[in-house]
Structures are given as C-alpha cells and as structure tokens.
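If you're matching positions, the sequence shown starts at 762 in our numbering and goes up one per residue. Note that CB positions come from ideal geometry on N, CA and C, so glycine has one too. Please read all numbers here as calculations on a predicted model, not as lab measurements. A short worksheet on the structure shown next.
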Amino acid sequence: MIGYTFHGMNMSQLALWFFIYSFCGWAMECVVIRIQLGRWENRGFAKLPFCVIYGFGVFIAYHLFQPIEHNYVALYIWGCIAATIFEYLTAQVMLRLFDEVWWDYTHKKINYKGILCLQSTLGWGFLALFIFGIFNQLVENLVFALDERFVCFFGAVLTISYLIDFTIHFIQNIQNSESFKNMDILSRIIRH
C-alpha cells in the first residue's frame with residue numbers, strides 16, 4: 762500500500778477526497794430527510810458528519826466507470842445499476858449485523874422489501890452523472906490545490922477520528938442487536 766496512488770493522489774489526498782464525498786453524502790441524506798420528514802436526523806453511522814458508504818461508493822464507481830465516464834447514457838444506466846446493487850448489499854450486511862436497515866422505502870410505490878425503490882435507483886443514475894460530469898473535477902482540484910502538509914495532517918486527523926467514532930458506535934450497535942447478544946460476531950458473519 763506504500764506508494765499507492767489513485768488518479769494521481771497520494772494516500773493523504775485520497776483520504777481527504779474520501780471524506781469530502783463521505784461528508785457530501787451525509788449532507789445530502791440529511792437534507793433529503795429534512796425535506797421529506799420535516800425534522801433533523803443524523804444520517805451517519807456514528808456521530809461525526811460522514812456517511813462513508815458514499816466515499817466507498819464513489820471510490821468503487823470511479824474504478825468501474827472510468828472507461829465510460831464520457832458516455833453519459835452508459836454512465837447513467839450503470840450508475841443506476843451499480844448503486845442499487847451497492848445499496849442492496851449494504852442492506853444485507855446491516856440486517857446480518859444489526860437486525861435492521863436504517864432506511865425504509867416501504868412508502869414508495871415501487872419498492873423491494875423497503876430496501877430498494879425505483880425512485881432511488883433513478884436518482885443514483887443522476888448522481889453518477891453529476892459526480893463524474895461536474896463534481897469530481899472540483900473535488901480533485903481542491904485536494905490538489907491544498908498544501909500537502911495540511912492535507913497529510915487533516916487526512917490523518919479525519920481518518921483517526923472517524924475510526925475511533927466508528928469503532929465506538931459499531932460496538933454499541935452490535936451490543937444492542939438481539940442477534941448478537943449470545944453469539945460471536947465472527948461465527949455469525951462466516952455462517953451467513
């Protein structure tokens with residue numbers, strides 16, 4: 762992993778890039794919930810304002826979609842498909858670990874078990890177009906424009922802070938999960 766680069770970014774720049782997307786995903790979800798439900802709700806897994814599933818999602822999509830990033834029809838279609846698969850897999854992991862999924866599409870007309878819905882699937886395609894057509898270039902320009910020492914320090918602080926926050930809340934959520942009260946985590950994951 763030493764010397765790893767991603768689209769010309771070193772590990773510190775990649776960490777900052779990742780957390781920018783994680784923050785933007787968190788903010789987007791918070792705004793959507795505020796509009797839909799009329800109340801504030803933290804959409805992150807832990808207390809810090811990050812939804813790292815977006816950081817991971819964009820990272821994975823970046824690798825998958827690079828060959829088609831300028832073919833907007835293909836990008837839209839694959840954005841819909843890939844993000845929906847990612848959302849489904851995330852829901853399955855959450856169900857296995859925590860006995861619940863932290864979103865609910867049962868009120869949407871076309872949904873699958875409340876974890877997927879047509880409206881979100883179509884939205885993921887538009888989000889892929891926005892990210893790869895406009896936003897990613899802005900994020901990369903920002904990351905490359907910042908002083909490397911600042912990026913290294915801030916990337917490390919964000920990573921360490923989030924890992925601590927995540928670990929604390931992961932343990933709390935596992936302890937609150939009925940399925941895990943009398944079961945070893947590793948054996949449950951391996952068995953499923």
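- Between the alpha carbons of F905 and H868 lies a distance of about 43 Å.
- Within the DSSP secondary-structure output, C791 pairs in no beta bridge.
- By the criterion of a C-beta distance shorter than 7 Å, C878 is surrounded in its chain by Y866, K869, I871 and N872, once the five residues flanking it on both sides are discounted.
- In the three-state DSSP reduction, Y866 falls in the coil class, being neither helix nor strand.
- Proximity to H930 across I781, T766 and K808 peaks at K808, based on C-alpha coordinates.
- Assignment of beta-bridge partners to Y873 by DSSP yields L877.
- Between the alpha carbons of Y923 and E848 lies a gap of roughly 22 Å.
- The DSSP-derived three-state label of F811 is coil.
- If you look at W839, you'll find it in the alpha helix (DSSP H) that goes Y833 to F859.
- Scanning L775, A835, S881 and I821 for the CA closest to the CA of M789 turns up S881.
- S773 is a Cβ neighbour of V912, given a cutoff of 7 Å.
- F767 has M770 as its beta-bridge partners, per DSSP.
- Just measuring C-alpha positions, the residue of F779, H768 and G769 sitting nearest A917 is F779.
- Within 10 angstroms of the beta-carbon of F887 lie fewer than 16 other beta-carbons, which makes it exposed.
- Between W839 and F826, the beta carbon gap of about 6 Å places them in contact (Cβ cut-off 8 Å).
- N897 carries a helical assignment under DSSP once its states are collapsed to helix, strand and coil.
- In this model, I921 and R795 are separated by some 29 Å (Cα to Cα).
- Contact between Y823 and C785 does not hold, since the beta-carbon distance rounds to 14 Å and is not under 8 Å.
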